[in-house]
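Below is one structure, written out as structure tokens; comments come after it.
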Amino acid sequence: MTNDRSFLKRAVKIAGSGIKEGGGPFGAVITRDGKILAEANNRVVLSHDPTAHAEVLAIRKACEFLKTHDLSGCILYASCEPCPMCLGAIYWSGIRKVVYASDRSDAEASGFNDSLIYSEIKLDPADRRVSFIHMPDAGGEEAFRIWEQFESKIPY
């Protein structure tokens, strides 16, 4: 637990540093076997990229460093509870442990409200605020047919 606390404090420090650079108040650190593999701060505004959240950027850096898409065995430390997008990236990356300082209510009190996204995820696509139009006759299944037959695929 001592390492958990020190890595989490590092994520919080990175969040504070990022604010001074013009980023949002979020920081993330990814470790494996007690060693830091990657760290990042939120760069949404700085990079003009709505996906440039600290957790996503740290995941990208860790994957590049390890030369793999699979971060199982890694721990993510975040200054705040990850948002729905980051949560998806965490699951896709294989990370099985996340330690965070602030939670979603703390983020909401500072103007970051993810509750709309959490509620939208549960809805049928036709009922969401963003228009989702399903066109099953457009041939989309062809890509899956090719994937299923591709012998060199690496499942993820």
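With the sequence shown counted from 1, adding 3 to any position gets you my numbering.
Even for Gly, the Cβ is constructed at its ideal location relative to N, Cα and C.
Q | Selection from D73, G21, V15 that minimises the alpha carbon distance to L157 | A | The residue you call residue 157 lines up with position 154 of the sequence shown. Note on identity: in this sequence residue 157 is Ile, with Leu being the wrong assignment. Among D73, G21, V15, the Cα nearest to that of I157 belongs to D73.
**Q.** G21 vs N44 beta-carbon contact at 7 Å
**A.** Start at 1 with the first residue of the sequence shown, and residue 21 comes out as number 18. Start at 1 with the first residue of the sequence shown, and residue 44 comes out as number 41. Closer than 7 Å, so yes.
(Q) Here's the rule: buried if 16 or more other CB atoms are within 10 angstroms of the residue's CB, otherwise exposed. What is A112? (A) Along the sequence shown, read from residue 1 onward, the residue named residue 112 stands at position 109. Label assigned to A112: exposed.
(Q) If you measure between the beta carbons of A61 and A110, is that distance less than 7 Å? (A) For this step, residue 61 is matched to residue 58 along the sequence shown. For this step, residue 110 is matched to residue 107 along the sequence shown. Cβ distance not < 7 Å, so A61 and A110 don't count as in contact.
Q. Once you ignore the five residues that flank A89 on each side, which residues in its own chain have a CB closer than 7 Å to its CB?
A. The residue given as residue 89 occupies position 86 in the sequence shown. In the sequence as presented, Ala is not what sits at residue 89; that position holds Cys. Around C89: H56, E58, V59.
Q) Cβ of V1 within 7 Å of Cβ of S108? A) Limits of the chain in this structure are 4 at one end and 159 at the other, which puts residue 1 out of reach.
(Q) Mapping the DSSP letters down to three states, classify S155 as helix, strand or coil. (A) Stepping through the sequence shown from its first residue, residue 155 is reached at position 152. Looking at S155 - three-state DSSP - the assignment turns out to be coil, as it is neither helix nor strand.
Q) In the DSSP assignment, what are the bridge partners of E144? A) What you label residue 144 is simply residue 141 of the sequence shown in a count that begins at 1. Answer is none; E144 lacks a bridge partner.
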